[in-house]
Structure formats: structure tokens, C-alpha cells
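Everything on this sheet refers to the single structure shown next.
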Amino acid sequence: MSTDSDQSLEMSSSKDPITAAYYPELAKIINNDPTAIDRLEIECGMCQDKMSNPEDKTCSAIIFPCGHMYCPPCVKEYREYNRANGITHKCPLCRFDLKGRVCGCPDKETLFDPTQHQDEGLLDKLKDELSKDKSACAFCQLSMLVNGLRSIALYIHDPAPLIREGHMLRVRAVKRDDWDVRIESDCTEEIKLLPISPELMELFRIAGDSLAEAWDGPRAPGDDTSPFDFQLALCKSYPEDHDLLRHRRGQLEFFSIAKWHKCDIARSGRLSHARRDALELAEAFTSVEAFKKYRINVARQDWAMGLVFDHIDLEAEEMHLAFQRFRVEHPRLYGLAGLPLVGGVVLRGYRFSSDIARLVRRGREDAEGRFEE
Numbered sequence: 001m002s003t004d005s006d007q008s009l010e011m012s013s014s015k016d017p018i019t020a021a022y023y024p025e026l027a028k029i030i031n032n033d034p035t036a037i038d039r040l041e042i043e044c045g046m047c048q049d050k051m052s053n054p055e056d057k058t059c060s061a062i063i064f065p066c067g068h069m070y071c072p073p074c075v076k077e078y079r080e081y082n083r084a085n086g087i088t089h090k091c092p093l094c095r096f097d098l099k100g101r102v103c104g105c106p107d108k109e110t111l112f113d114p115t116q117h118q119d120e121g122l123l124d125k126l127k128d129e130l131s132k133d134k135s136a137c138a139f140c141q142l143s144m145l146v147n148g149l150r151s152i153a154l155y156i157h158d159p160a161p162l163i164r165e166g167h168m169l170r171v172r173a174v175k176r177d178d179w180d181v182r183i184e185s186d187c188t189e190e191i192k193l194l195p196i197s198p199e200l201m202e203l204f205r206i207a208g209d210s211l212a213e214a215w216d217g218p219r220a221p222g223d224d225t226s227p228f229d230f231q232l233a234l235c236k237s238y239p240e241d242h243d244l245l246r247h248r249r250g251q252l253e254f255f256s257i258a259k260w261h262k263c264d265i266a267r268s269g270r271l272s273h274a275r276r277d278a279l280e281l282a283e284a285f286t287s288v289e290a291f292k293k294y295r296i297n298v299a300r301q302d303w304a305m306g307l308v309f310d311h312i313d314l315e316a317e318e319m320h321l322a323f324q325r326f327r328v329e330h331p332r333l334y335g336l337a338g339l340p341l342v343g344g345v346v347l348r349g350y351r352f353s354s355d356i357a358r359l360v361r362r363g364r365e366d367a368e369g370r371f372e373e
């Protein structure tokens, strides 16, 4: 009976192209026949296209911890589809669970290295790292950074003109020592770049420096260089049928009511609130528990911003009066929500729904429907 190694030798002895897209099989072929490197025509496990490239001997092949290999465009599209639809990340062929991080994203695949000696223990190492890695992935951390900074920028930039003109703010962050590490809070059409004032840049740096330190460790003494380049831009809003419109417009409406035009918060007060938010964002990158806590608070705030959007057809004065009444009559809910919720406004005037109360309190009531401490 022939062994796997014998079969691998037979497979490569004919000088046929090597198309294997399962790493354990491919590694044995290469280790038994070094000339196989020159005959690689690896096919992506998803699109079935060849990943071979005369200019790139890596074949641009990405190895998942389960061993299946895919091309980068397919991996990117697959990730984005799963993320957008709340689907757990699994190998599309064998359904191996790739979720190993706090954020639920995979981050332990590796690029195929076409050397004449392949590490047949690579998969065990990848799986071990996957089981141990409990941090959030770089994409989710960067997303948290730029989305938090966009919110902070609304303390400085009046949201009323943005609402009136159908615009919004966009924040971009690029790591200075690795320009491939970049992200934008939104991907709509840019209208113009906006200057970042010194006071706002200071707040951006508070959060950005914290993330960079989490990645790279403390900077050298005396090094005051920002690890990120930040860009603030005025962009067009999302179309009416876009999933993000509800949150982005609700956020602008909330800041307009609660931080600018109705609550009479002075500029110094807004700056104080902005600094508080920047420090909370910076804290999120200091530990796994801090990241989880901040993410829960963001989810709660996102829910509230959506409720604001649902009621923007109310007259401004109605919204303001309802907001003030909610704050006075439900101080515990106000504190628990982490921000002054306008979501208690429904239809005309003011009505605080018990359904919303249960959502905010996450069902923490006693048998008689009273709030539990």
C-alpha cells in the first residue's frame, strides 16, 4: 500500500502543474520534489481561478488554519460579506470555525511562502495561535478609532449645516510607519478636506497614541511624533436606502439637539465633553475587558441614534421638550444609557414606552415590572 508521501511523489513526478489548494497536500509535494516550486498553478478554493503569477511566486495564496487556500480578493469579499450579515467566520469548504478573537473576526491565516522546504506543522501553529488570541483584530480596532473620532469631531463642527446640506464628516487614519494600515470611517464621495484644529488634533492623538501603544508598546522617551496621520473631510451623506444612513443622520440630529442648539452648551463645555469621550476611547485599547465594555456602550449609543433618526419628523421644539422631560423623569435610565436618550419620543409630543425601558435596562425588572438596582 502506498503512503501519502509516495502518492505525493507520484503526483509531482510527471512534471504536471501543481494545482493543490490544500496546504498539507501541497507541503508534502514540495518537500518531496523541490522542482515542484516551478510548476505551481494553485487554484483558489472559492473562485477556482489560478493564483499563479510570474511576478509573484507566492501565488498570492492565503492559507487558513484549516489548510484550505484562497486568493486575497475572495478572502476580502468573503470577510466583508460575513461581517455585513453577522455571519460567523468559517472556512467556506470545511466549515472550520475561524472565529478566535474578541471581535469575532479571523486573523490567523498566513500567506503561502513558496520555499523548497514547507513547514508541515504550520497548521498546528496557526490553530494554537487562534485558540490563544483573545484580542480584537486590527480592522475592528481601527474601525472603533475612526468612528469614535468622527463622533468627537462633532463637538467642534456644528452638525446643523451638515444636516441642512445633506453632508457628514469622515475621518481617515493612516499609520505612519505602515501605509497599508489605513481606514476611513465612511466611504462616500468626498467634497473637501477640512482643517483639524490644534485642540481637535490633540483629542485625536490621545486616542490614536493609545492604540499605537497597544500595538507597538511604549514609545521612546522624548518621541512626540504622532503614530497616525489623521484626515478630516466633508463628504456626501449616504443614500436613503443605505444601512448606515439611519445611524449617521441620527448622530447628527442628536449632537445638534443635545450638544449645540437646544441645550445651550458653551464651547468650553463641548470641549470638556469631547476630551472625556477621547479618554474613554483611548481606554478601550488598554485591555480586552476595556474593549468589550466600550463596544457595548457604542452598541447602546448606536441604538439610541437610530431612535433619534426614527423621530426626526417631529418639530424641533417637541423633540427638545421630550428630551428634557425624559432626562428629569427617568434619571436612572438616562445614566444607564450613557447619554441623554431622545429615543423616548414617539409620534407626537412625549410618551416614554415601557418597551424602550426594557430595551435600555436589558430586561432588568422585577416581577411587578419595577426596575431592579
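UniProt numbering numbers the first residue of the sequence shown as 1 and each following residue consecutively. Backbone N, C-alpha and C define an ideal beta-carbon position, used for all residues, glycine too.
- Taking one beta carbon from each stretch, the segment 271-279 and the segment 216-226 have fewer than 3 pairs nearer than 8 Å; the two do not touch.
- Annotation note: the UniProt domain "RING-type" (44-95) contains the following uninterrupted alpha helix (DSSP H) runs of length 4 or greater, listed N- to C-terminal: 72-84.
- By the C-beta criterion, the segment 296-303 is judged not to be in contact with the segment 225-245, since fewer than 3 inter-stretch pairs fall below 8 Å.
- Setting aside the 5 residues that flank it on each side, Asp97 is surrounded in the same chain by Lys90, each with a C-beta closer than 6 Å to its C-beta; the list follows chain order.
- Taking the Cα of Ala20 as reference, the smallest distance to any Cα among Phe139, His68, Cys235 and Pro34 is reached at His68.
- According to the DSSP assignment, Ile163 belongs to the alpha helix (DSSP H) that extends over Pro159 to Glu165.
- If you look at Phe230, you'll find it isn't in any alpha helix (DSSP H); it sits in the beta strand (DSSP E) that goes Phe228 to Lys236.
- DSSP places Ile196 in no alpha helix (DSSP H); its state is neither H nor E.
- Nearest neighbour of His247 by Cα position, chosen from Pro239, Phe309, Ala258 and Glu202, turns out to be Phe309.
- Distances from the alpha-carbon of Phe255 to those of Ile206, Ser210, Leu169 and Phe64 put Leu169 closest.
- In summary, Asn85 is exposed, with fewer than 16 beta-carbon neighbours lying within 10 Å of its beta-carbon over all protein chains present.
- Beyond the five residues adjoining it in sequence on each side, Leu252 comes within less than 6 Å, by CB distance, of Pro159, Leu162 and Ile163 in the same chain, given in chain order.
- In terms of Cα proximity to Tyr22, the closest of Leu149, Ala61 and Ser287 is Ala61.
- Per DSSP, Arg219 lies in no alpha helix (DSSP H) segment and is marked neither H nor E.
- DSSP places Ala173 within a strand segment (E or B) once states are collapsed to three.
- When the five nearest sequence neighbours on each side are left out, the beta carbons in the same chain lying within less than 6 Å of the beta carbon of Ile206 are those of Ala278 and Ala282, in order along the chain.
- Non-local C-beta neighbours of Gly222 in its own chain, meaning closer than 8 Å and more than five positions away in sequence, are absent.
- DSSP, read as helix, strand or coil, puts Tyr23 in helix.
- Ranked by Cα distance from Thr225, the options Leu245, Met201, Asp241 and Glu240 are led by Met201.
- Comparing C-alpha distances from Ser185 to each of Ser197, Ile196, Val171 and Trp179 shows the shortest one belongs to Val171.
- By DSSP's assignment, Met168 forms a beta bridge with Cys235.
- Straight-line spacing of the CA atoms in Arg267 and Pro198 works out to 15 Å.
- Where Arg182 is concerned, the enclosing beta strand (DSSP E) starts and stops at Asp178 to Glu184.
- Residue nearest to Gln141 within the set His242, Glu41, Gly250 and Ala290 is Ala290 (criterion: CA-CA distance).
- When DSSP reads this structure, Glu190 sits in a beta bridge with Cys235.
- Runs of alpha helix (DSSP H) with 4 or more residues, each lying fully within the segment 256-310, are found at 267-283 and 288-310, listed in chain order.
- Per DSSP, the beta bridge partners of Ile18 are Leu40.
- The criterion of a C-beta distance shorter than 8 Å is satisfied by Tyr78 and Met46.
- Checking the DSSP bridge columns, you'll see Asp97 partnered with Lys90.
- For Tyr70, the closest C-alpha among the options Cys44, Leu203 and Lys76 is that of Cys44.
- Judged by beta-carbon spacing, Gly250 lies within the 8 Å limit of Gly306, meaning their Cβ atoms are closer than that value.
- According to the DSSP assignment, Ser143 belongs to the alpha helix (DSSP H) that extends over Ala138 to Ala153.
- Taking 8 Å as the cut-off, the Cβ atoms of Lys28 and Glu41 do not count as close.
- Spatial neighbours of Tyr294 in its own chain (CB-CB distance under 6 Å, excluding positions within 5 residues in sequence) are listed in chain order as Ala284.
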